[in-house]
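Enquirer: This is the structure, below, for whatever I ask next.
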Amino acid sequence: MIAPEPQNTVTQIERILQKYSKMVYRLAYARTKNRADAEDLLQEVFLRCLKSNVQFNSDEHCKAWLIRTTVNCSKNLLTSAWFKRTILLKNPVEDPAESDEGVPGEEKSEVFYAVLDLPEKYRMVVHLYYYEDYSVAEISEILSRKESTVKTQLYRARKLLKQKLKGEYDYV
Amino acid sequence: MFRKMYKEDFDSITPDPDVIDNLSEKLKSHASKKYPRIGKHLIAAAVVVCLLMSGGLMTRSFHEPSFAMVAFADHNSDDKVYIDESSSVVLPFGKISRGEKHSYIDKHGKTVCGNDSGFEHGSISIEGEGISSVTYACKMGEFSYYDSVMKKQMEDEGKIKVCDFTVPVKIIPPGNDMDATFERLWNEGYFDDIKKEYFQDKSTDISDYQVQFGQTGEQIEKGIWRVEISHKLENGYPFIQRGKEITATFYEERGMKSFDAHWSPRYALDIVSEDKPIDFADLPSDDITITVHFTNGKTATKQLKFSFDSNGNLIAEVIKK
Chain A
1088 MIAPEPQNTV TQIERILQKY SKMVYRLAYA RTKNRADAED LLQEVFLRCL KSNVQFNSDE
1148 HCKAWLIRTT VNCSKNLLTS AWFKRTILLK NPVEDPAESD EGVPGEEKSE VFYAVLDLPE
1208 KYRMVVHLYY YEDYSVAEIS EILSRKESTV KTQLYRARKL LKQKLKGEYD YV
Chain B
664 MFRKMYKEDF DSITPDPDVI DNLSEKLKSH ASKKYPRIGK HLIAAAVVVC LLMSGGLMTR
724 SFHEPSFAMV AFADHNSDDK VYIDESSSVV LPFGKISRGE KHSYIDKHGK TVCGNDSGFE
784 HGSISIEGEG ISSVTYACKM GEFSYYDSVM KKQMEDEGKI KVCDFTVPVK IIPPGNDMDA
844 TFERLWNEGY FDDIKKEYFQ DKSTDISDYQ VQFGQTGEQI EKGIWRVEIS HKLENGYPFI
904 QRGKEITATF YEERGMKSFD AHWSPRYALD IVSEDKPIDF ADLPSDDITI TVHFTNGKTA
964 TKQLKFSFDS NGNLIAEVIK K
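Line order of the protein sequences matches chains A and B. Quick note: the first sequence uses our numbering, first residue 1088, plus one each step. Quick note: the second sequence uses our numbering, first residue 664, plus one each step.
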């Protein structure tokens, strides 16, 4: 439980940073597919957290706010001309050998590359559903999307994943 | 299998510790910039102005209770907008938007087309002296209010969670019948040590409680569930109010933040999601009534109209009586 305070103090943000930096970074990575942009997003999200006066009523509230802000900040990044140029020059997923994911020598499964190869709008719901263990209803609430939309996006993502992974995995 | 592999892969995606350290330093320096030192003469001048202003406010609050209405976005409460009685105002939250087109096959095999819809969340609140509670009501949308003080009190009194513990996954395999398996084991005595520790003065009928299973990445590796047993609350959680009318209560520790309430327009999002051309300005408006209850027993009411402009911005306008 994060105690409500009249303003987000540095101590409070420090606590949130220690607790949720990995979660924000992983979500940002799933969205941007590269470490440098994920780090930029991480900084942007926590600076917004400091600047805002949002009161976190609970850990769940704090986590949901961070997820929503990460998604919103990444929208700005993904639509920036700089990001588009960068992607045109280098698409890590098309050539995983040249990508910067993971540390050198660390191998990722085909599942990882298959998810990162999904269209951006599906990657978010897949990450929140399979990594953060949110339900469809919770994702709908956090991302302000209708439940039917989230269900459709998950359905389509699974279909694409089955094609990529040749139906070798169960998705429950 | 898929979930496990995805989690394992992403567990190793972590920010460089140096990035966290640098960010931590950056946050500290931003915070110190936020509160610059102020000269003594400026403080003295500000004190005089404040005394003059508070004198005016105090005089006014004794005679005529009044309040100001404010709105701010979830992601930036610094961007606060006062809802003025003289003109309509674009609120810093509430932008409604239409996303990509999508379709799915419903249970009757029919293809249903629609659009993604979005809404930027935020809150409305009130500011003023001597306020004890605020009632928000609307006709079309929905208000929600999260009473964190009540929740903490209930947690402290043990009215929410009874206990949590871990169980090997092999005992309760994942699937649709996890609840039934847990109930069977509970009744067969597998969890008698838990009953002895936490349920001595409580009902041991597991149907009286809510049982939830969860796992962290580490617990997945270890093959264990985290089981949480909570009290079943007949009418949901009393600290969450949601509906056409909610009442926010003043809590000293939360100051004016006690009165923050969320408004959401499900009715408008449903229309935006339909597979039809749309002008956001044609979406139905909502009538909001804000009733403020003062500590001296008096009440004051203001009415607002919430509508959207063609760009999807949320506009508030005070309805004059």
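Note that the Cβ used here is the ideal one computed from N, Cα and C, for glycine as well. Please read these numbers as outputs of a predicted model, since none were measured by experiment.
1. May I ask which residues mark the beginning and end of the beta strand (DSSP E) holding Gln904 of chain B?
2. Given a limit of 8 Å on CB to CB distance, which residues of the region 1138-1163 of chain A reach chain B?
3. When you compare the CB of Ile813 of chain B with every CB in chain A, is at least one pair closer than 8 Å?
4. Cutting at 6 Å between CB atoms, please list the residues of its own chain near Glu1185 of chain A, excluding the five before and the five after it.
5. Using a 10 Å radius around the Cβ and a threshold of 16 neighbouring Cβ atoms, would you call Leu896 of chain B buried or exposed?
6. The ligand NAP and Glu884 of chain B: does any heavy atom of the ligand fall closer than 7 Å to the residue's C-beta?
7. Quick check on the DSSP output: the alpha helix (DSSP H) that includes Leu848 of chain B runs from which residue to which?
8. Along the region 786-810 of chain B, where does the CB come closer than 8 Å to a CB of chain A? Name the residues.
9. Can you tell me where the alpha helix (DSSP H) with Asp933 of chain B in it begins and where it stops?
10. Within a Cβ cutoff of 8 Å, which residues of the same chain sit near Val1223 of chain A, ignoring the five residues on either side of it in sequence?
11. Quick one: grab the DSSP three-state call for Glu820 of chain B.
12. Between the region 899-915 of chain B and the region 834-851 of chain B, do at least 3 Cβ pairs fall closer than 8 Å?
13. Contact criterion: CB-CB distance below 8 Å. Does Phe943 of chain B meet it with respect to chain A?
14. So, is the C-beta of Gln1265 of chain A closer than 8 Å to a C-beta in chain B?
15. If you compare alpha carbons, which of A:Ala1117, A:Leu1134 and A:Leu1128 is closest to Glu688 of chain B?
16. I think Arg666 of chain B touches Val935 of chain B, with their Cβ atoms under 8 Å apart; what is that distance to the nearest whole Å?
17. Can you list the residues of chain A that Thr912 of chain B reaches, using a CB-CB cut of under 7 Å?
18. So, with DSSP's three-state summary, where would you put Gln882 of chain B?
19. Give a yes or no on whether the minimum CB-CB distance between Tyr767 of chain B and chain A is below 8 Å.
20. Excluding the five sequence neighbours on either side, which residues of its own chain have a C-beta within less than 8 Å of the C-beta of Lys920 of chain B, listed in chain order?
21. Alpha carbon to alpha carbon, how far is Val832 of chain B from Thr798 of chain B? Give it in angstroms, no decimals.
22. Quick check on His1148 of chain A: does DSSP put it in helix, strand or coil?
23. Per DSSP, which one or two residues make a beta bridge with Ala734 of chain B?
24. Below 8 Å CB to CB, which residues in the same chain sit around Leu1205 of chain A once its five sequence neighbours on both sides are set aside?
25. Can you tell me the Cβ-Cβ gap for Lys1195 of chain A and Asp672 of chain B, rounded? I've got them flagged as a contact below 8 Å.
26. DSSP beta-bridge partners for Lys994 of chain B?
27. Just to confirm, is the Cβ distance from Ile953 of chain B to Lys968 of chain B under 8 Å?
28. What is the residue span of the beta strand (DSSP E) that Phe876 of chain B lies within?
29. Touching or not, the region 800-819 of chain B and the region 922-932 of chain B, by the rule of three or more beta carbon pairs under 8 Å?
Expert: Well, looking at it:
1. Counting along the chain, the beta strand (DSSP E) containing Gln904 of chain B begins and ends at Ile903 to Gly906.
2. Result list: Lys1138, Ser1139, Asn1140, Val1141, Gln1142, Asn1144, Ser1145, His1148, Trp1152, Arg1155, Thr1156 and Asn1159.
3. Before going on, a small fix: residue 813 of chain B reads as Met here, not Ile. By this cut-off, Met813 of chain B is not an interface position.
4. In this prediction, Glu1185 of chain A scores a pLDDT of 40, lower than 50, which makes its location untrustworthy; the coordinate-derived value is nonetheless stated afterwards. Excluding its 5 nearest sequence neighbours in each direction, Glu1185 of chain A has no C-beta neighbour in its own chain below 6 Å.
5. Residue burial is scored here from C-beta neighbours: Leu896 of chain B has fewer than 16 other C-beta atoms within 10 angstroms and is therefore classed as exposed.
6. In the structure shown, the ligand NAP is absent, as is every other ligand, since no ligand is present at all.
7. Residues Met841 to Glu851.
8. Hits within the stretch, in order: Tyr809.
9. Arg929 to Ser936 is the span of the alpha helix (DSSP H), which, as asked, contains Asp933 of chain B.
10. Here the set comprises Tyr1216, Glu1234, Val1237, Lys1238 and Leu1241.
11. Looking at Glu820 of chain B - three-state DSSP - the assignment turns out to be coil, as it is neither helix nor strand.
12. Contact fails between the region 899-915 of chain B and the region 834-851 of chain B, because fewer than three Cβ pairs, one in each stretch, are under 8 Å apart.
13. At least 8 Å separates the CB of Phe943 of chain B from every CB of chain A.
14. The requested residue 1265 of chain A does not occur in the structure, where chain A is confined to residues 1088 to 1259.
15. Minimum Cα distance to Glu688 of chain B is reached at A:Leu1134.
16. Contact annotation, Arg666 of chain B with Val935 of chain B: C-beta distance approximately 33 Å; criterion of less than 8 Å not satisfied.
17. Listed by position along chain A, the residues whose Cβ is nearer than 7 Å to that of Thr912 of chain B form an empty set, because the closest Cβ is around 14 Å away.
18. Looking at Gln882 of chain B - three-state DSSP - the assignment turns out to be helix.
19. Interface residue, yes.
20. Within the same chain, Lys920 of chain B has close Cβ partners Ser788.
21. CA-to-CA, the gap between Thr798 of chain B and Val832 of chain B works out to about 47 Å.
22. The three-state secondary structure of His1148 of chain A, taken from DSSP, is helix.
23. Beta-bridge pairing links Ala734 of chain B to B:Val744 and B:Ile787.
24. Taken in chain order, the residues that qualify are Val1213, Ala1244, Leu1247 and Leu1248.
25. Between Asp672 of chain B and Lys1195 of chain A the Cβ distance is about 5 Å, and since that is below 8 Å, they are a contact.
26. Any answer about residue 994 of chain B is impossible in this case: the structure gives chain B only from 664 up to 984.
27. Not closer than 8 Å, so no.
28. For Phe876 of chain B, the enclosing beta strand (DSSP E) has its first and last residue at Tyr872 to Gly877.
29. Counting Cβ pairs under 8 Å, three or more are found: they touch.
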